[in-house]
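Undergrad: Below you'll find the structure I mean.
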Amino acid sequence: MSGFLFVVPPLVGHINPTVGVAAELTARGHRVAWASADPGLVRQLAGDEAVVFPCAGPVLTGEDGVRPAELRGPEALKFLWERFLVPLAEAMAPGVRAAIGEFGPDVVVADQQAFAGGLVAERLRVPWATSSTTSAEFTFADALAGMPKVADWLDTLLHELRGRIGDPSGTADPRFSPHLVLAFSTPELVGSGAGDRIRWVGPSMAPRPTSADFPWTWLDPARATVLVTLGTANTDVGARFLAECRDALRRRADRVQAVIVDPANVLGANGDPDDPNDPNDMDDKDDKDVLIRSSVPQLPLLERVDAVVCHAGHNTVCEALWYGVPLVVAPIRDDQPVVAGQVVDAGAGIRVRFGRVTAPKLGAAIDAVLHEPGYRAAAERIRTAFRAAGGARAAATHLEELAGATPSKEAP
Numbered sequence: 039m040s041g042f043l044f045v046v047p048p049l050v051g052h053i054n055p056t057v058g059v060a061a062e063l064t065a066r067g068h069r070v071a072w073a074s075a076d077p078g079l080v081r082q083l084a085g086d087e088a089v090v091f092p093c094a095g096p097v098l099t100g101e102d103g104v105r106p107a108e109l110r111g112p113e114a115l116k117f118l119w120e121r122f123l124v125p126l127a128e129a130m131a132p133g134v135r136a137a138i139g140e141f142g143p144d145v146v147v148a149d150q151q152a153f154a155g156g157l158v159a160e161r162l163r164v165p166w167a168t169s170s171t172t173s174a175e176f177t178f179a180d181a182l183a184g185m186p187k188v189a190d191w192l193d194t195l196l197h198e199l200r201g202r203i204g205d206p207s208g209t210a211d212p213r214f215s216p217h218l219v220l221a222f223s224t225p226e227l228v229g230s231g232a233g234d235r236i237r238w239v240g241p242s243m244a245p246r247p248t249s250a251d252f253p254w255t256w257l258d259p260a261r262a263t264v265l266v267t268l269g270t271a272n273t274d275v276g277a278r279f280l281a282e283c284r285d286a287l288r289r290r291a292d293r294v295q296a297v298i299v300d301p302a303n304v305l306g307a308n309g310d311p312d313d314p315n316d317p318n319d320m321d322d323k324d325d326k327d328v329l330i331r332s333s334v335p336q337l338p339l340l341e342r343v344d345a346v347v348c349h350a351g352h353n354t355v356c357e358a359l360w361y362g363v364p365l366v367v368a369p370i371r372d373d374q375p376v377v378a379g380q381v382v383d384a385g386a387g388i389r390v391r392f393g394r395v396t397a398p399k400l401g402a403a404i405d406a407v408l409h410e411p412g413y414r415a416a417a418e419r420i421r422t423a424f425r426a427a428g429g430a431r432a433a434a435t436h437l438e439e440l441a442g443a444t445p446s447k448e449a450p
C-alpha cells in the first residue's frame, strides 16, 4: 500500500479530473489525501469522506482578487501569475509541508497550477507527479521559445518563488515534474510532441455528486439538443454571449432546443422553473425551446445532446468529446484559445469570436456542427482515442509505478 497526496488549487476544473484517479487508487487499497485552500470544494467534488489537509490561499474577492473582465492576452497572463498563481503557491506552501509531514505520502500529485506541490515535494525529497488538467501548458511552453522576454519573466518569477518556498538548489519546473506528467487528453486532440515523460491518459471520468434537479422529460427527442455553457469561472463576462446564443437558438426552435447554463442569472431567469417569486421565470411547461438553468448535471446531459457551445475550457471540451459531441468554441482567455485551436485543428468544431459574434454567425456555426458530418466524425474519432487511453485507471497505474520505483525517502 502506498500513499498519494493530491495538491490542488481551489478550482473545480482542476479538481474534477483527479477525483476519478483518487477513487481508483483508493479502490486498489492505497491511502489518498488532499491538500487544498478550499477543503469544502474538494469534499463537494470528491465526497464527504475525503481526507483534506487545509492550506491557506489568496482571497479571491474584491479588487485585489477578481481579474478585470476586459483583461486579455499578455495582461491577463501577468495578472494570472502575479495575482493568483504565485500568491497561491506561497500561501499553500506551509499547509502542503504540514500535510506531507503528517500524511507521509510516497508520491505527491501536484496540479500544474498548484506550484507549492512540486516545489515543497522537491525540497522534502518526496517524488512528485504533475497533474496536467489542461494540455495548453505544453503548447505554451513551446511558444515561449519565440517570446524570450516573456520566458525570462516567467523564469525569474519561478526562480524567486523556489527561493522562498522550495529548494534553492533545485532545477525542476513546478509545472512539469521530472518524474511523471499525467496529461488528461490524447495526441488525437492535442497534436504530437510534448516530451517523453508525458503520459497521455485521456479524460478522467468519474461519477460526481450533484444536487441539480434537471427536468429530463423536457428534452424533445424529435429535435436536436444544444448545450450552452461557459463553465464556472466566466460568469462575469458572459451576458452578451449567452443572449446571442439564446437568440440564435430560438430562431431554430422548429428543429433545435437548447439548454443554457446561467449561474449568474444574467439572462433574467434564475434556473428554477418552479420559483413563483421570479418575475422573469420561464416555466418549462411554457417554454419548450430554451431551458435556462443555474446548473446542470453536465456528464449525464452530454450523453443526450447533439452539440455543445462553450468557452473552450479544457474540461468541458474533453467531456463533450468523450461522448463524441462536436463543438462551437468561443475562447475568452487563459488556455482557452489554445484548446479552441486544438478543437479546430482536429476537425471537431468551429471557433467563433466570444466578444463579437452575433446570433446569425452563431446560428450558422451551430447548423454546421449539427449537420455537416465531418465534425461529428472527428469528434467520434477523438472519443475512441479518449476511451482507449485508460483515464483514471491508466493514471493510477502510472502513479503506482512511480511509487514502486522510488527508493526510501531521505529525511528533509
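Per the working numbering, residue 39 is the first one in the sequence shown, and the count goes up by one each step.
Note that beta-carbon positions come from the ideal geometry of N, C-alpha and C, so glycine has one too.
Taking the alpha carbon of Gly351 as the reference point, which residue from Arg389, Asp325, Asp344 and Ala84 has its own alpha carbon closest?
TA: For Gly351, the nearest C-alpha among the options comes from Arg389.
Undergrad: Select from Ile370, Ser169, Arg278 and Val328 the residue whose C-alpha is nearest the C-alpha of Arg289.
TA: Ranking Ile370, Ser169, Arg278 and Val328 by Cα distance to Arg289 puts Val328 first.
Undergrad: For Gln151, decide whether its Cβ has a neighbour in chain D, counting only Cβ atoms nearer than 9 Å.
TA: Within the model displayed, chain D is absent; a lone protein chain is all it includes.
Undergrad: Ala441 by DSSP, collapsed to three states: which one?
TA: Of the three classes helix, strand and coil, the one that applies to Ala441 here is helix, per DSSP.
Undergrad: If Ser242 and Pro55 are in contact, beta carbons under 8 Å, what's the gap, nearest whole angstrom?
TA: The Cβ separation is near 4 Å, so the contact holds.
Undergrad: When DSSP builds the beta bridges, which residues end up paired with Thr168?
TA: Note: Thr168 sits in a beta bridge opposite Ala148 and Val219.
Undergrad: State yes or no: is the C-beta of Val363 within less than 9 Å of the C-beta of Leu400?
TA: Not closer than 9 Å, so no.
Undergrad: How big is the Cα-Cα spacing for Gly67 and Ser40?
TA: Distance between the alpha carbons of Gly67 and Ser40 is about 8 Å.
Undergrad: Ile203 to Gly155, Cα distance in whole Å?
TA: Going by the C-alpha atoms only, they are around 10 Å apart.
Undergrad: Quick one, are the C-beta atoms of Phe42 and Val145 less than 9 Å apart?
TA: Yes, the Cβ-Cβ distance between Phe42 and Val145 is below 9 Å.
Undergrad: Mapping the DSSP letters down to three states, classify Leu337 as helix, strand or coil.
TA: Helix at Leu337.
Undergrad: Does Arg200 come out as helix, strand or coil in the three-state DSSP assignment?
TA: Helix, per DSSP.
Undergrad: Restricting to Cα atoms, I'd like to know which of Pro92, Trp166, Gly240 and Ile53 is closest to Leu451.
TA: Outside the shown range of the chain, which is 39 to 450, sits residue 451, and nothing can be said about it.
Undergrad: Per DSSP, what kind of secondary structure is Ile138 in: helix, strand or coil?
TA: Three-state result, Ile138: helix.
Undergrad: In the DSSP output, what is Trp238 paired with across the bridge?
TA: Trp238 is bridged to Ala221.
Undergrad: Whole angstroms is fine: what's the gap from Ala88's alpha carbon to Ala71's?
TA: So the alpha carbons of these two residues sit roughly 7 Å apart.
Undergrad: Which term fits Gly442, buried or exposed, when burial requires 16 or more other beta carbons within 10 angstroms of its beta carbon?
TA: Exposed, because fewer than 16 other Cβ atoms sit within 10 Å of the Cβ of Gly442.
Undergrad: What are the start and end residues of the alpha helix (DSSP H) that includes Thr255?
TA: From DSSP, Thr255 is part of no alpha helix (DSSP H); its letter is neither H nor E.
Undergrad: How about the segment 332-339 and the segment 295-307: do they share at least three Cβ pairs that are nearer than 8 Å?
TA: Contact holds: three or more Cβ-Cβ distances are below 8 Å.
Undergrad: Please state whether DSSP places Phe265 in a helix, a strand or coil.
TA: The amino acid occupying residue 265 in the given sequence is Leu; Phe does not appear at that position. It is a strand residue.
Undergrad: From this set, Ala384, Asp373, His349 and Tyr361, which residue's C-alpha is nearest Val367's C-alpha?
TA: Looking at the Cα atoms, His349 is the closest of the given residues.
Undergrad: Taking the straight line between their C-alpha atoms, what separation do you get for Gly51 and Asp76?
TA: Those two C-alpha atoms are separated by around 13 Å.
Undergrad: For Ala208 versus Arg161, is the C-beta distance shorter than 9 Å?
TA: Here residue 208 turns out to be Gly, not Ala, going by the sequence shown. In contact: Gly208 and Arg161 (Cβ atoms closer than 9 Å).
Undergrad: Cα-Cα, which of Asp205, Thr194, Val376 and Phe252 is closest to Arg163?
TA: Minimum Cα distance to Arg163 is reached at Asp205.
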